[in-house]
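Notes follow the structure.
In the working numbering, the protein residues as written are 471 to 561.
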């Protein structure tokens with residue numbers, strides 16, 4: 471199983487290609503502009519909350535996994551042409 475390292479807003483996470491592919495399928499299925507206009511900012515908000523929680527509790531495994539999930543989702547939205555600020559970077 472291959473993995474990719476992503477960074478967003480100072481957080482570095484690793485997500486599997488499998489997770490990204492599943493998320494990509496979901497994003498590709500959702501072409502509604504209204505949904506995208508709601509979901510992308512909501513995913514940013516949830517990622518930020520989890521980033522703050524990770525910093526507060528010394529990055530518990532559960533919080534880190536949730537943060538990775540949201541950053542992975544943001545990466546796929548960004549890849550699909552949506553504006554994500556700050557940008558998700560892959561390495």
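Where a beta carbon is used, it is the ideal one built from N, C-alpha and C, also for glycine.
Per DSSP, which residues does residue i bridge with? Please list them.
i	result
residue 532	DSSP, once it has assigned bridges, lists no residue as partnering residue 532.
Excluding five sequence neighbours on each side, which residues of the same chain lie with their C-beta closer than 6 Å to the C-beta of residue i?
i	result
residue 561	475
residue 510	547 and 552
residue 586	Any question about residue 586 goes unanswered here, given that the chain covers just 471 to 561.
residue 501	none
residue 454	Residue 454 lies beyond the residue range present for the chain, which begins at 471 and ends at 561; the question has no answer from this structure.
Considering only their Cβ atoms, is the gap separating residue j from residue i smaller than 7 Å?
i	j	result
residue 542	residue 490	yes
residue 559	residue 472	no
residue 521	residue 537	yes
Which same chain residues end up closer than 8 Å to residue i when comparing Cβ atoms and leaving out the 5 residues on each side of it in sequence?
i	result
residue 534	483 and 524
residue 557	478 and 548
residue 487	471, 472, 473 and 474
residue 506	500, 547 and 552
residue 518	479
I'd like to confirm something about residue i: is its beta-carbon nearer than 6 Å to some heavy atom of the ligand PLP, or not?
i	result
residue 477	This structure lacks the ligand PLP, and indeed carries no ligand of any kind.
With a floor of 4 residues, list each alpha helix (DSSP H) that falls wholly inside the segment 472 to 548, ordered by position along the chain. 487 to 499 and 503 to 526
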